[in-house]
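Protein sequence lines correspond, in order, to chains A and B. Residue numbering for the first sequence is 29 to 639, as defined by the numbering used here. Residue numbering for the second sequence is 378 to 733, as defined by the numbering used here. Below: the structure, in C-alpha cells.
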Amino acid sequence: MTVYNDFVIRFANVNGSGSASANGMFAKALFRMGVPISTRNIFPSNIEGLPTWFEVRASQAGYQGRREGVDLMVAMNAETYAEDAAAVVPGGYLLHDNSKGLDRRLLRADINAIGIPIAKLILPEFTNPKQRKLFKNIVYLGALSALLNIDFDVITGMVSTQYKGKDELIQPNIHALELGRRYAKQYLECPLPIQVRRTKQLDGKIMVDGNAAGALGALYAGATICAWYPITPSTSMAEAFEKYANQLRTDAETGQRKFAIIQAEDELAAIGIVIGAGWNGARAFTATSGPGLSLMSEFLGLAYFAEIPAVLFDIQRAGPSTGMPTRTQQGDLLSAAYASHGDTKHPLLFPATPKESFEFAADAFDLSDRLQTPVIVLSDLELGMNDAVSDAFTWDDARQYDRGKVLSKEDLDDIEVFGRYLDVDGDGIGYRTLPGTHAEKGAFFTRGTSRDAYARYTEAPEAYTENMDRLAKKWRTAASLVPAPEISGHRHRAGVVFYGTTAAPMVEALVRLADDGAPLDAMRLRGFPFAADVADFIDGHEFVFVVEQNRDAQMKTLLVNELSIDPAKIVPVLYYGGLSISADAIAERIIEHFDEHNLPRLKEVPGGLGA
Amino acid sequence: MTFVAKPRVHHPQLPLNDLGLNRRDYEGAVSTLCAGCGHDSVSAAIVQACAELSLPPHRFAKVSGIGCSSKTPSYFLNASHGFNAVHGRMPSVATGANLANRELHCIGVSGDGDSASIGIGQFAHIVRRRINMLYIVDNNGTYGLTKGQFSATNDKGSTSKKGAPNLYEPIDLVSMALQIGASFVARSFSGDKQQLVPLLKGALLHRGFAFIDVISPCVAFNNHNGSTKSYDYVRGRGASVVTADFLPKDFIATAAETVVDYAPGTTETVALPDGSRLRLSKLDESYDPHDRAHALAHVLEAQQRGEVVTGLLYVDPDASDCHEILDTVETPLNALGEAELCPGQGALDRINAGLR
Ligand SMILES: Cc1ncc(C[n+]2csc(CCOP(=O)(O)OP(=O)(O)O)c2C)c(N)n1
Ligand code: SF4
Ligand SMILES: [Mg+2]
Numbered sequence: 029m030t031v032y033n034d035f036v037i038r039f040a041n042v043n044g045s046g047s048a049s050a051n052g053m054f055a056k057a058l059f060r061m062g063v064p065i066s067t068r069n070i071f072p073s074n075i076e077g078l079p080t081w082f083e084v085r086a087s088q089a090g091y092q093g094r095r096e097g098v099d100l101m102v103a104m105n106a107e108t109y110a111e112d113a114a115a116v117v118p119g120g121y122l123l124h125d126n127s128k129g130l131d132r133r134l135l136r137a138d139i140n141a142i143g144i145p146i147a148k149l150i151l152p153e154f155t156n157p158k159q160r161k162l163f164k165n166i167v168y169l170g171a172l173s174a175l176l177n178i179d180f181d182v183i184t185g186m187v188s189t190q191y192k193g194k195d196e197l198i199q200p201n202i203h204a205l206e207l208g209r210r211y212a213k214q215y216l217e218c219p220l221p222i223q224v225r226r227t228k229q230l231d232g233k234i235m236v237d238g239n240a241a242g243a244l245g246a247l248y249a250g251a252t253i254c255a256w257y258p259i260t261p262s263t264s265m266a267e268a269f270e271k272y273a274n275q276l277r278t279d280a281e282t283g284q285r286k287f288a289i290i291q292a293e294d295e296l297a298a299i300g301i302v303i304g305a306g307w308n309g310a311r312a313f314t315a316t317s318g319p320g321l322s323l324m325s326e327f328l329g330l331a332y333f334a335e336i337p338a339v340l341f342d343i344q345r346a347g348p349s350t351g352m353p354t355r356t357q358q359g360d361l362l363s364a365a366y367a368s369h370g371d372t373k374h375p376l377l378f379p380a381t382p383k384e385s386f387e388f389a390a391d392a393f394d395l396s397d398r399l400q401t402p403v404i405v406l407s408d409l410e411l412g413m414n415d416a417v418s419d420a421f422t423w424d425d426a427r428q429y430d431r432g433k434v435l436s437k438e439d440l441d442d443i444e445v446f447g448r449y450l451d452v453d454g455d456g457i458g459y460r461t462l463p464g465t466h467a468e469k470g471a472f473f474t475r476g477t478s479r480d481a482y483a484r485y486t487e488a489p490e491a492y493t494e495n496m497d498r499l500a501k502k503w504r505t506a507a508s509l510v511p512a513p514e515i516s517g518h519r520h521r522a523g524v525v526f527y528g529t530t531a532a533p534m535v536e537a538l539v540r541l542a543d544d545g546a547p548l549d550a551m552r553l554r555g556f557p558f559a560a561d562v563a564d565f566i567d568g569h570e571f572v573f574v575v576e577q578n579r580d581a582q583m584k585t586l587l588v589n590e591l592s593i594d595p596a597k598i599v600p601v602l603y604y605g606g607l608s609i610s611a612d613a614i615a616e617r618i619i620e621h622f623d624e625h626n627l628p629r630l631k632e633v634p635g636g637l638g639a
Numbered sequence: 378m379t380f381v382a383k384p385r386v387h388h389p390q391l392p393l394n395d396l397g398l399n400r401r402d403y404e405g406a407v408s409t410l411c412a413g414c415g416h417d418s419v420s421a422a423i424v425q426a427c428a429e430l431s432l433p434p435h436r437f438a439k440v441s442g443i444g445c446s447s448k449t450p451s452y453f454l455n456a457s458h459g460f461n462a463v464h465g466r467m468p469s470v471a472t473g474a475n476l477a478n479r480e481l482h483c484i485g486v487s488g489d490g491d492s493a494s495i496g497i498g499q500f501a502h503i504v505r506r507r508i509n510m511l512y513i514v515d516n517n518g519t520y521g522l523t524k525g526q527f528s529a530t531n532d533k534g535s536t537s538k539k540g541a542p543n544l545y546e547p548i549d550l551v552s553m554a555l556q557i558g559a560s561f562v563a564r565s566f567s568g569d570k571q572q573l574v575p576l577l578k579g580a581l582l583h584r585g586f587a588f589i590d591v592i593s594p595c596v597a598f599n600n601h602n603g604s605t606k607s608y609d610y611v612r613g614r615g616a617s618v619v620t621a622d623f624l625p626k627d628f629i630a631t632a633a634e635t636v637v638d639y640a641p642g643t644t645e646t647v648a649l650p651d652g653s654r655l656r657l658s659k660l661d662e663s664y665d666p667h668d669r670a671h672a673l674a675h676v677l678e679a680q681q682r683g684e685v686v687t688g689l690l691y692v693d694p695d696a697s698d699c700h701e702i703l704d705t706v707e708t709p710l711n712a713l714g715e716a717e718l719c720p721g722q723g724a725l726d727r728i729n730a731g732l733r
C-alpha cells in the first residue's frame, strides 16, 4: 500500500560536509509541493567533524511535532552507522553509499537497504576534490527525488535560484542531481511505497524559523537598538535582525541607518545597553539563552525596580555552557520568571509557532512600554532554529505602537508637581518622562527603590513598602494584558496544560488520547502572569497534566506558587533529553497514568466536572 | 537620610550666562557625602563648567554605577535625568542612552572600584566603542561606600588607614584609555579647580569618548599619611604636562591675556566642534598631546618615578564617535515613529513571498 506525505526521513551526516544545503533543498522541495512538513536539525556543538542529523517529518494531517522512529534513513556518516540503522522502524528504508559494499553495521534483516554507489558515480564525473565531497549530498538528493517521487523541476528550479549569478555552479549541481536520479530510476524500485504527492494544503503558507520571525517582529515593532552577545541558539535572531534592518531600515537617500546593533562584550553589557536605551526612550532588545540570562540577572532586577522597559528573547537550550548547547529545552522558565534579587517577577510570553514568534515579539515591546518593565519572550531551539511551515506574517498598517505612559513637554506644562512613581490611574503604573523633555519639570534621578513616589531619595520603610505594593498591583494589571491562554475541549474530568513548543506534538497527542478513550481538555499557556482563566481551568478539573520539557516540572512549580494550587492536582509529564518532546512520549505517559491509577477510559464523564 | 532639595532662591549677584541662567540653575540636590570628600569638588566643577558653557541644564543624560562617586550625578544638573545603575555597568547604560538619543550630552560618573574592578570589562569596551560622552572616574584608591577596602587603582605599597600596605600592582585607567583608543584623555585633581574646569569644558564639547581620571581623595578612608591618594600626597607630586584653557566661540584675546605668555612653541589651540577652542599650554616643550604612543610612554615613565602626571594628556580633535561608526541617522533613534520604523504590510508581503 502506498502511503503519501506521511513519513519521517533522517539524514545522518558529518558536520561541516556541506549537507545542510542539500538537506535544506530537500525540505523546501517538499514544502513547495504542498507537503506538510516540519524540520529538525540535531546538531553537535562543533564546527566540523562530529555527527549531525537533519530530520524532515511529512504529515498529511499537518502534525508538526517530532515523531519517534525513522522511515527512511539516509546514512552518510560511517561513524554513526550502528545507531542510525537501529533508528529505522521495521520495514523502513536505509539509503547508503555502497561504493565499498554494504557495511556490516548497517545490516538489519527487518529493513530495506537501498545501496547507491555514490562515490563511484561521482569519481569519473568530477575532478575537483571539494566538489567530489560536496556533490555526494547532491547525488543522494537526486536519488531521493526518484525514490520519493519529488517533482524534479522543483529541485532543479531551486538550484537555479540558489546559484543565481554564479551560473558556472548550476550545471554541475544539476548534473550531480541527475546522476543520482538516473541511477535510482535504472537500478532501484522507484518510487517507494512511501512517497510524496502535491497538495494545495500549504497554499499561502511560508516556511521560516522562529528566530527570523522574532527578529522581524522586533523590527516591525519599531525596535531601533539590538545589543547581544553570541550564544547558540539565539545568535541567528540578532543576525536576522541585522539582515532585515539593513534591507528595511536604511534611509533611501543618505544610506544612514535607523537602527544600531552592538555586539556587546558580554550579556551583562548587552542588557545594560538595552536598559540604557529603554530609559532614554528607544525600543531595544537583546537575544540570549540560559547562561546569558543568568548573567543578565542583576540588571533585570534593577530594571524591574526602576521600571524601565526592556525586551529579552531567551531562546532556551539544554543545560549549562558545557551542557548541550545545541539541544532544545524549556529549562529557563523559573529563572526567567523570577530573575534577580529581592521580590522580582517578569512578564513572560510563550510563542509556539513562527507566526507567534513574530506577533509576540511585536507585542512584547508594547507590553514592556505599557508596563514599564522587562518582558521576556521564552522561545527555544526547537522553535528558534528549525524551519517550520507557518501562516504568512500579517501586519495591521493601522497599528500604532503603544509607548505607554510617557509625558510630553506639553503634558508636563499642565502638571503642577510631577511624581514619577505615583499611581495616578490605579493600575499600579506611573507616568514616566524621558531625559531632555522639559527645561524645568519631569527630571529625576533613576534609582532602584531608595526613593519615594516623587523619586526623591529616601530609605523610609513606609516608602519602600508602598512602592512594593504598587509594583504588586502593576503585576495584577499585567495579568490582564499578556496573551490569554487558549482553551479547548469541554467538561472532561481531566485537563492538560502546556506551553511553547510542546504545542505542536500536543495537537497530535490529544487526538491519539481521545482515540484511546482518554480525551482531555487542553489549555495552552501563552503568557505569565497567569490570567484568571488559568486558575479557573485547573479548578474546573479533577486533575491536570502539565506537559513540559524540563526535569523539575518548572511550570507546575510556577502554577502552584502563583495560584496556590494543590500540587497533588497536577501530574507532570516531562521530557528533557534535548530533542523536542514527541506526541508519542506525551500520549504514552498519560495513558500510563490512567492505567496506573485505574482511571476509567471514557469518552465523556457523565455529568462532567468541568463546569 | 532623605532628599533635600536646594531652595531655588534668586541670587541677583550671581553672573548670568548666555542662556540667562546662573550657576544655581546647574546645581543638584544637597550632597550626602562626607564633608571634604573630593567627589563634591568634582560635582562643583561640573556645575561651573556647564554653566560657563551655557549648555541647557536639562539636555544631559547623567549615568553612574554604584559607589559614593556614583551618587554624585544627583548633586549636579538637577534639571536633567540621571540613572544610578548597577555596580560597574555604567558604560553599558551610557552606551544604550547615547544610542537612543545622540543629542543629549552624556556625563558618566564612576569610581575607581566601579570602573577598575567590577566594571573594568565594560570600561575597556566603551572606550573601544567611542561613545560620545564625558566619562569621569572619581579616583580615591578605595571603596568609599563599602568603607575603605583597597581598590585596583591603589598603588602598591600605599597603606590602608590601619597601616597595612597594598600588595598588588595598580591599574591605571588613563593608560588603559590611551591604549584602547579614547580620543580625549586627561587626569586631574579634585583639589585643582583651575585645571579641572577647563578640562571638563573641553571634554564636554569634544566629539568622541572623553575620559578624565580625577584624583578625588576620600577623607573618611584614604587621606592619611602613607596613602598615595591623599590631598597632601597629590598636591606634592602632581606634575601637569599640558594645561588647557577654554576659549569660548567669541573669544578675542585681550592685551592683558596675551601678556600671560608662555614660552614660544609651547602653546597651541585646538578647535572644538562648536567653534570654541582649547588653548593648550605645554609645560614640557617636547610633549606632544596628539601622539598617543608618546603620551602613553610619558605617563608610564612618570608613574615609575612616583609622579602623578596631570593635565590634558591626549586629544584627537578630528575623532569620530559611535554614531559615525554605525552610520545612524541624524534624528535621535528615540524620536523615530511608526512612519520611519515600520515597513508595513507591503514589505511583509514581499518577505512572505521570499519564504515560499
Ligand atoms: C554587584 C555588587 N557588588 C558589590 C556591591 C557593593 N559596593 C557598593 S559601592 C562599592 C565600591 C565602590 O567603590 P568606588 O567605585 O571606588 O566608589 P567610591 O565609593 O570610592 O566613590 C561596592 C563594592 C554592589 N553594590 N554591587
Ligand atoms: S566615604 Fe570617602 S568617598 Fe565616600 S563620601 Fe566619604 S569621603 Fe567621599
Ligand atoms: Mg573609590
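We put the beta carbon where it would ideally sit given N, CA and C, even for glycine. In this text the structure is predicted, and so the values were computed from the model without any measurement.
- A direct Cα-Cα distance of roughly 43 Å separates A/Asn41 from B/Ile503.
- Checking the DSSP bridge columns, you'll see B/His667 has no partner listed.
- Taking a C-beta cut-off of 9 Å against chain A, the contacting residues of the segment 452-463 of chain B are Leu454, Asn455, Ala456, Ser457, His458, Gly459, Phe460, Asn461, Ala462, Val463, listed in chain order.
- Secondary structure note for A/Pro79: its beta strand (DSSP E) is the uninterrupted segment 79-86.
- DSSP lists no beta-bridge partner residue for A/Tyr91.
- Within the same chain, Val63, Pro64, Ala86, Ser87, Gln88, Val224, Arg225, Thr227 come within 8 Å of A/Asn33 by CB-CB distance, once the 5 residues on both sides are set aside.
- With a 10 Å radius around the Cβ and a threshold of 16 neighbouring Cβ atoms, B/Ser418 comes out buried.
- Note on B/Asn602: under 16 other CB atoms within 10 angstroms of its CB, so exposed under the neighbour-count rule.
- About 5 Å separates the CB atoms of B/Leu657 and B/Glu645; that is less than 8 Å, so the two are in contact.
- Counting every other CB atom within 10 Å of its CB across the protein chains shown gives A/Thr474 a total of 16 or more, marking it as buried.
- The three-state reading of DSSP puts B/Arg612 in helix, counting H, G and I together.
- Within its own chain, the residues whose Cβ lies closer than 6 Å to the Cβ of A/Val434, once the five positions on either side in sequence are excluded, are Arg460, listed in chain order.
- Uninterrupted alpha helix (DSSP H) stretches at least 4 residues long and entirely within the segment 265-351 of chain A occur at 295-307, 318-334, given in chain order.
- In the three-state reduction of the DSSP assignment, A/Trp503 falls in the helix class, which pools H, G and I.
- Within chain A, the residues whose beta carbon sits less than 8 Å from that of B/Pro450 are Phe473, listed in sequence order.
- In terms of CA proximity to A/Arg617, A/Tyr603 leads the group A/Thr381, A/Tyr603, A/Pro628.
- The residue from B/Gly525, B/Ile557, B/Phe598, B/Arg614 with its alpha-carbon nearest to that of B/Ser565 is B/Arg614.
- For A/Met235, there is no enclosing alpha helix (DSSP H); the residue is part of the beta strand (DSSP E) that begins and ends at 234-236.
- Residues of chain A with a Cβ closer than 7 Å to the Cβ of B/Arg507 do not exist; the shortest Cβ-Cβ separation is about 12 Å.
- For B/Cys719, the chain A residues whose Cβ falls inside 7 Å of its Cβ are Tyr248, Gly250, in order along the chain.
- In summary, A/Ala546 is buried, with 16 or more beta-carbon neighbours lying within 10 Å of its beta-carbon over all protein chains present.
- Along the segment 276-294 of chain A, the positions whose C-beta sits under 8 Å from a C-beta of chain B are Leu276, Arg277, Asp279, Thr282, Gly283, Gln284, Arg285, Lys286, Phe287, Ala288, Ile289, Ile290, Ala292, Glu293, Asp294, read in chain order.
- Closest by C-alpha distance to B/Ala456, out of A/Asp612, A/Phe472, A/Val539, A/His569, is A/Phe472.
- The shortest C-alpha to C-alpha distance from A/Glu267 to any of A/Val445, A/Gln284, A/Asp544, A/Ala241 is the one to A/Ala241.
- Chain-order list of chain A residues neighbouring B/Ala493: empty, with the shortest C-beta distance near 16 Å, by a criterion of under 9 Å.
- Taking a C-beta distance under 9 Å as the contact criterion, A/Gln229 and A/Gly90 qualify as a contact pair.
- B/Ala529 places its beta carbon 9 Å or farther from that of B/Ile557.
- Taking the Cβ atoms as the reference, A/Thr316 lies roughly 7 Å from A/Trp256, within the contact range of under 8 Å.
- Against A/Thr422, the close residues of chain B are Gln722, Leu725, in the order they occur along the chain (beta-carbon pairs closer than 8 Å).
- Listed in chain order, the alpha helix (DSSP H) elements of length 4 or more contained wholly in the segment 443-473 of chain B are 445-448.
- When DSSP states are grouped into helix, strand and coil, B/His601 belongs to the coil group.
- For B/Ser528, the distance from the CB to the nearest heavy atom of ligand 3 is below 8 Å.
- By the neighbour-count criterion, in which 16 or more other beta carbons inside 10 Å mark a residue as buried, A/Ala137 falls on the exposed side.
- Per DSSP, the unbroken beta strand (DSSP E) holding A/Cys254 starts and ends at 253-256.
- By a beta-carbon distance limit of 8 Å, A/Ala390 contacts A/Ala249. Their separation comes to about 4 Å.
- Taking 9 Å as the CB threshold, B/Pro542 stays off the interface with chain A.
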